[in-house]
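Everything below concerns the one structure shown next.
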Amino acid sequence: MKRLARCAAASVVLQLAALAVGSSSILAADDYTLPFYDPTVTISYGVDRDRSLNRQLDWTGQVWNDGQPHWGRVYDQHTGVDYPMALRSAVAAARDGTVVDVEGGYGTTQFGSFGNFVRIRHADGRHTLYYHLASAADGGIGVVEGASVAAGQFVGRSGCSGLCYGAHLHFEMLVWSATLRMYQPVDPLAERRWTTWPGRVPFDAVYVRESNGGTEVIRHGWTITHWVEFRNTGGRTWRSSGSGRTNLGTWNPGSHPSPFRASDWLYSFLPTFVDQASVPPDGVGRFTFGLKGSPEPGSYSEAYNLQAYGLRWFDHVRLGSYYIPILVTQ
Ligand SMILES: [Zn+2]
Numbered sequence: 023m024k025r026l027a028r029c030a031a032a033s034v035v036l037q038l039a040a041l042a043v044g045s046s047s048i049l050a051a052d053d054y055t056l057p058f059y060d061p062t063v064t065i066s067y068g069v070d071r072d073r074s075l076n077r078q079l080d081w082t083g084q085v086w087n088d089g090q091p092h093w094g095r096v097y098d099q100h101t102g103v104d105y106p107m108a109l110r111s112a113v114a115a116a117r118d119g120t121v122v123d124v125e126g127g128y129g130t131t132q133f134g135s136f137g138n139f140v141r142i143r144h145a146d147g148r149h150t151l152y153y154h155l156a157s158a159a160d161g162g163i164g165v166v167e168g169a170s171v172a173a174g175q176f177v178g179r180s181g182c183s184g185l186c187y188g189a190h191l192h193f194e195m196l197v198w199s200a201t202l203r204m205y206q207p208v209d210p211l212a213e214r215r216w217t218t219w220p221g222r223v224p225f226d227a228v229y230v231r232e233s234n235g236g237t238e239v240i241r242h243g244w245t246i247t248h249w250v251e252f253r254n255t256g257g258r259t260w261r262s263s264g265s266g267r268t269n270l271g272t273w274n275p276g277s278h279p280s281p282f283r284a285s286d287w288l289y290s291f292l293p294t295f296v297d298q299a300s301v302p303p304d305g306v307g308r309f310t311f312g313l314k315g316s317p318e319p320g321s322y323s324e325a326y327n328l329q330a331y332g333l334r335w336f337d338h339v340r341l342g343s344y345y346i347p348i349l350v351t352q
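Using the working numbering, read the sequence shown as starting at 23 and increasing by one per residue.
Written out as structure tokens, the structure reads:
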């Protein structure tokens with residue numbers, strides 16, 4: 023399998039943050055992801071889980087009684103999670119949802135009020151907010167109100183608009199309070215809404231190996247089995263969200279003229295799937311394909327685009343396109 027000379031999915035050095043989890047025993051819900059891609063980004067201030075003045079409860083479970091800011095932990099009455107990042111860094115949706123509000127009229131570093139932001143409503147009723155973005159004129163707003171977004175989708179670029187003293191993303195998660203009849207901020211770290219610790223890039227994978235690293239030889243009319251393995255270098259477990267094994271689309275007639283037909287990728291007969299029900303971070307997932315040598319004998323470079331249908335957190339788009347050199351013989 024060769025890689026097409028397209029954007030390479032950079033292999034990142036994993037940052038396994040040695041962070042104490044405190045006494046929290048809440049199981050990770052694993053249903054949101056970090057709102058950015060840069061693996062070097064780490065938390066500066068989390069949500070103050072104790073709203074009373076001069077008393078802070080940080081995301082590790084530690085209590086402070088001084089009202090002072092504590093770098094990496096919390097400052098008093100903070101309602102979101104701050105991630106310092108360079109101006110105009112890419113910001114991503116934390117979950118599938120609908121954009122319900124957008125503000126892009128402030129300057130990228132214009133101080134005052136709320137500044138530029140994107141607000142997304144999710145199927146579970148929660149909202150997420152991405153504050154201090156760059157101005158719309160500066161490319162800070164990547165979505166329009168009413169748009170549907172997928173988890174991990176680019177939604178804008180960071181800035182320092184609004185009440186901001188240094189370029190960062192203020193990420194906020196809100197839950198509707200029936201009592202107060204308004205949305206209230208909650209701490210995504212306390213609720214373990216994601217298993218990705220700060221600083222670990224949510225989506226990433228690297229090519230490991232395949233069943234035949236050279237030219238795949240298929241006798242005309244015969245079928246071969248080909249598998250390829252990817253290591254999950256991201257911070258999320260790849261999971262099949264459907265029942266049983268997960269199909270991978272391997273060929274798209276609309277984007278790729280080829281002598282091979284979709285029916286030659288025998289996903290109905292010999293399914294293409296990730297052979298495990300789930301692949302945890304640092305685990306290796308194997309995808310098996312059946313390919314039939316239907317075209318006339320000859321040499322082909324058959325591209326296949328990994329498309330994960332019903333497989334969560336396996337970001338096939340970032341892996342780019344691959345092709346297998348194929349020789350069909352008599
Ligand atoms: Zn903040």
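Even glycine gets a Cβ: it sits at the ideal position worked out from N, Cα and C.
Bridge partners - residue i, DSSP secondary structure assignment
| i | result |
| --- | --- |
| K194 | The sequence shown places Glu at residue 194, rather than the Lys named in the question. Its beta-bridge partners are L151. |
| Q206 | V197 |
| F252 | Y229 and G307 |
| T351 | R241 |
| Y322 | I348 |
| G312 | T247 |
| H92 | V96 |
| F133 | G184 |
| S170 | T120 |
| V301 | W260 |
Under 8 Å between C-beta atoms of residue i and residue j
| i | j | result |
| --- | --- | --- |
| R253 | F225 | no |
| A69 | Y105 | According to the sequence as given, residue 69 is Val; it is not Ala. For V69 and Y105, no; Cβs fall outside 8 Å. |
| G178 | V113 | yes |
| F193 | V103 | yes |
| F139 | C186 | no |
| Y54 | A116 | yes |
| L211 | G181 | no |
| T247 | T310 | yes |
| H242 | P319 | yes |
| P317 | P281 | yes |
| G184 | S135 | yes |
| F336 | A227 | yes |
| G162 | T130 | yes |
| G127 | A158 | yes |
For residue i, the first and last residue of its enclosing beta strand (DSSP E)
| i | result |
| --- | --- |
| R141 | N138 to R143 |
| E125 | G119 to E125 |
| P106 | V103 to P106 |
| F176 | F176 to R179 |
| V113 | A112 to A114 |
Identity of the residue in the options nearest residue i by Cα
| i | options | result |
| --- | --- | --- |
| T237 | D209, E167, T351 and A200 | T351 |
| V230 | W244, W249 and R241 | W249 |
| G94 | A169, T82, T101 and D88 | T82 |
| D60 | D80, A108, W86 and N87 | A108 |
| Q99 | R110, V85 and Q78 | Q78 |
| Y205 | V239, I142, S157 and D160 | I142 |
| V208 | L196, D286 and L202 | L196 |
| T150 | R73, D118 and R241 | D118 |
| E125 | D146, Y153, G315 and H144 | Y153 |
| R148 | T130, S157 and S199 | S199 |
| V240 | R308, L313 and T255 | Correcting the residue type first, residue 240 is Ile in the shown sequence and not Val. Nearest C-alpha to I240: L313. |
| A145 | S157, S170 and G137 | S170 |
| V306 | D286, G168, G256 and F58 | G256 |
| F176 | P57, Q90 and G168 | P57 |
| S321 | L349, G174 and G235 | L349 |
| R308 | G315, S323, D286 and W260 | W260 |
| E167 | G174, D160, R203 and T120 | T120 |
| V301 | E213, E251, R283 and S323 | E251 |
| E213 | G235, D160, E232 and D80 | D80 |
| I65 | R283, D160 and H92 | H92 |
| G101 | N87, Q84, S74 and D88 | A small fix is needed here, since residue 101 is Thr in this sequence, not Gly. Nearest of N87, Q84, S74 and D88 to T101, Cα basis: S74. |
- Item | Length at least 3, wholly inside the stretch 48-90: the beta strand (DSSP E) runs in chain order | none
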